[in-house]
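Residue 18 is where the sequence shown starts when you use the numbering used here, and the numbers rise one by one after that.
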Amino acid sequence: MSAQLIEGKKISDAIRIEIREEAAKLTAAGIVPGLAVVLVGEDPASKVYVGSKEKACQQLGFYSEVHRLHAETSQEDLLALIGKLNRQDTIHGILVQLPLPKHIDEKAVIDAISVDKDVDGFHPVSVGNLVIGDDSLLPCTPAGVIELLKRTGVEISGKHAVVIGRSNIVGKPVSMLLLREHATVTICHSRTADMEAIARTADILVVAIGRPKAIGKSFVKPGAAVIDVGINRLPDGKLAGDVDFDDVLDTAGYITPVPGGVGPMTITMLMLNTLKAAKRQAHSG
Ligand code: NAP
């Protein structure tokens with residue numbers, strides 16, 4: 018039997034309706050949720066992402082500022098802009114689009130963002146809060162994965178979740194979030210021995226490795242929920258995930274397509290974080 022599709026686009030649209038309603042209430046109370054996006058340089062993919070974030074702000078009634086800086090911008094100037102945005106009352110969330118040009122120290126930039134406005138969830142304090150279970154701003158893609166599972170009705174508690182990939186952006190935080198939801202979590206990476214056999218014991222398999230169609234049905238337990246975080250551009254220009262969708266379709270119980278699975282959730286979770294940050298700053302201010 019064919020796996021049930023986890024339709025990220027539909028789920029994301031439903032969440033956006035909820036966000037718009039909440040944002041309207043907050044705006045009526047005098048606080049317009051505000052997001053600042055900073056783009057340094059001309060990376061084509063980054064330009065597209067920034068454009069999508071700007072559009073999402075317009076759709077949801079948020080205030081937005083996009084700071085497009087030239088590729089030679091100094092670290093000092095970038096840090097000065099972040100300092101200004103940290104102090105600016107109309108801005109509740111700050112996102113610096115990564116990757117940054119080589120001459121800028123990414124860590125120094127992330128560390129400079131106020132934790133209260135860290136809507137990407139990459140600041141070390143946000144990461145620490147995630148690990149100890151405090152109510153922090155959660156990294157967007159991992160939070161999107163959890164939301165997809167919950168809204169599809171996939172049970173997480175007590176299940177075995179295997180995460181393939183251990184990056185700071187996806188693999189590690191999604192593992193922590195699955196643990197928070199009471200899954201038993203195994204993390205695999207490029208040096209994991211016998212990964213296929215481990216993956217085949219997963220009730221929930223999350224794949225984030227950046228290798229097109231690398232994970233086929235020999236990695237999948239019949240009936241498992243397969244979440245494909247990968248976004249890879251093939252030579253023919255088409256997008257593919259890290260999972261071989263066609264190969265896995267008849268084995269998995271649930272599967273996210275690429276595109277249209279995890280991807281649409283990321284910006285939606287960014288908007289949710291900005292709303293959450295605005296509410297918090299309104300209460301504390
Ligand atoms: P990354 O930083 O390159 O990390 C890749 C991870 O996968 C590493 O931990 C690496 O292991 C592991 N890995 C690589 N090849 C492997 C293999 N053959 N077997 C087992 N593990 C392997 O990548 P990332 O930033 O996490 O991104 C992963 C994918 O998700 C990419 O396709 C990216 O485009 C996509 N992505 C999508 C979204 C979204 O919005 N949907 C957001 C972020 C990323 P080692 O640590 O041992 O090297």
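Glycine included, C-beta positions come from ideal geometry on N, C-alpha and C.
Note that the structure is a prediction, hence the values are computed from the model and not measured.
Residue i, enclosing alpha helix (DSSP H) - first and last residue
i, result
"residue 300", "280-301"
"residue 81", "It is not in any alpha helix (DSSP H) - residue 81 instead sits in the beta strand (DSSP E) that spans 80-86."
"residue 194", "188-197"
"residue 45", "25-45"
"residue 102", "92-104"
"residue 265", "262-265"
"residue 215", "212-216"
"residue 68", "61-77"
Boundaries of the beta strand (DSSP E) in which residue i is found, first to last residue
i, result
"residue 221", "221-224"
"residue 247", "It is not in any beta strand (DSSP E) - residue 247 carries neither H nor E in the DSSP assignment."
"residue 53", "51-57"
"residue 113", "110-113"
"residue 203", "201-205"
Sub-9 Å separation of residue i and residue j beta-carbons
i, j, result
"residue 215", "residue 265", "no"
"residue 294", "residue 46", "no"
"residue 245", "residue 191", "no"
"residue 116", "residue 60", "yes"
"residue 158", "residue 288", "no"
"residue 20", "residue 180", "no"
"residue 230", "residue 210", "no"
"residue 98", "residue 55", "yes"
"residue 80", "residue 171", "no"
"residue 57", "residue 105", "no"
"residue 165", "residue 25", "yes"
"residue 225", "residue 187", "yes"
"residue 121", "residue 92", "yes"
"residue 284", "residue 169", "no"
"residue 182", "residue 227", "yes"
"residue 154", "residue 290", "yes"
"residue 261", "residue 234", "yes"
heavy atom of ligand 1 below 8 Å from residue i C-beta
i, result
"residue 160", "no"
"residue 73", "no"
"residue 187", "yes"
"residue 207", "yes"
"residue 34", "no"
"residue 203", "no"
"residue 181", "yes"
"residue 279", "yes"
"residue 226", "yes"
"residue 337", "With the chain running from 18 to 302 in the structure shown, residue 337 is simply not present."
"residue 193", "no"
"residue 235", "no"
"residue 290", "no"
"residue 100", "no"
"residue 301", "no"
"residue 63", "no"
"residue 248", "yes"
"residue 184", "yes"
"residue 259", "yes"
"residue 283", "yes"
"residue 231", "yes"
"residue 212", "yes"
Cutoff 9 Å: residue i Cβ touching any chain C Cβ
i, result
"residue 141", "In the displayed structure, chain C is absent; only one protein chain is listed."
Does the contact criterion of 3 or more C-beta pairs under 8 Å hold for the region 19-34 versus the region 49-60?
Too few Cβ pairs lie closer than 8 Å, so no.
Using a Cβ distance threshold of 8 Å, determine whether the region 145-159 contacts the region 192-205, with at least three qualifying pairs required.
Yes, the region 145-159 touches the region 192-205.
Going along the chain, which unbroken runs of the alpha helix (DSSP H) with 4 or more residues stay wholly within the region 116-184?
If we require 4 residues or more, the alpha helix (DSSP H) runs fully inside the region 116-184 come out as 123-129, 141-149, 157-169.
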